[in-house]
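Colleague:
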Amino acid sequence: MFPSDYCNELNTLITAYFGQDYDLIDDSEDTERKIDIYIRCSDRPSREELLNNIDDFLNAGDDPERLFMDYYGFHFSPALWGTTAVGFLQLVRQKVSQSLHTDKSN
1 MFPSDYCNEL
11 NTLITAYFGQ
21 DYDLIDDSED
31 TERKIDIYIR
41 CSDRPSREEL
51 LNNIDDFLNA
61 GDDPERLFMD
71 YYGFHFSPAL
81 WGTTAVGFLQ
91 LVRQKVSQSL
101 HTDKSN
């Protein structure tokens, strides 16, 4: 079982940026653009927490696709955005990691 209550930042990203009202954040259907907006609007501790949440999620079970749909399927279906749950989480992880590295360099 995965403790979704523990993953507040992952919950925020999925429900606020990709949930039913996703167009209020940005009216495009560009996944990377929404992730970039999240990064721009989030502080460093929130982005670090998101990385921890993603790692915890990906290590929580042997079927992350099913687990994702169990917890987040009501809010967000990666298939409708042309990706898988794991692909989506890996993209988020890569972009957020890059933003944290860039912050350190500046």
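Residues in the sequence shown are numbered consecutively from 1, following the UniProt record's numbering.
C-beta: ideal position from N, C-alpha, C; glycine also.
Here the structure is a predicted model, which means the values were calculated and not measured.
Under a three-way DSSP split, which group does His75 fall into?
Modeller: Counted from its first residue, the sequence shown places residue 75 at position 75. The answer is coil: DSSP assigns His75 none of H, G, I, E or B.
Colleague: Can you list, in chain order, the residues of its chain whose CB lies under 6 angstroms from that of Tyr72, leaving out five sequence neighbours each side?
Modeller: On the sequence shown, position 72 is the one that residue 72 refers to. Correct list, in chain order: Ile14.
Colleague: Would you kindly report the start and end of the unbroken alpha helix (DSSP H) that includes Leu24?
Modeller: Along the sequence shown, one-based indexing puts residue 24 at 24. Looking at the DSSP string, the run of the alpha helix (DSSP H) that includes Leu24 is 22-25.
Colleague: Could you check if Asn53 is buried or exposed, using at least 16 other CB atoms within 10 Å of its CB as the buried criterion?
Modeller: By one-based count along the sequence shown, residue 53 stands at place 53. Buried is the call here.
Colleague: Could you name each continuous beta strand (DSSP E) segment of 3 residues or more that falls completely within the UniProt domain "CdiI immunity protein" (8-95), going from the start of the chain to the end?
Modeller: Counting only runs of 3 or more, we get nothing.
Colleague: Relative to the C-alpha of His101, which candidate in Trp81, Leu58, Asn59, Leu51 has its C-alpha closest?
Modeller: Counting from 1 along the sequence shown, the entry for residue 101 is found at position 101. For the residues Trp81, Leu58, Asn59, Leu51, the minimum Cα distance to His101 belongs to Leu51.
Colleague: Nearest by alpha-carbon distance to Glu29: which of Asn59, Trp81, Asp43, Leu89 is it?
Modeller: Taking the sequence shown and counting its residues from 1, the one referred to as residue 29 is at position 29. Cα-wise, what sits closest to Glu29 is Trp81.
Colleague: Measuring straight from C-alpha to C-alpha, what distance separates Phe76 and Arg66?
Modeller: Position 76 of the sequence shown, counted from the first residue, corresponds to residue 76. Position 66 of the sequence shown, counted from the first residue, corresponds to residue 66. Whole-angstrom Cα-Cα distance: 13 angstroms.
Colleague: Beta carbon of Tyr22, beta carbon of Tyr38: below 7 angstroms?
Modeller: Looking up residue 22 in the sequence shown gives position 22. Looking up residue 38 in the sequence shown gives position 38. For Tyr22 and Tyr38, no; Cβs fall outside 7 angstroms.
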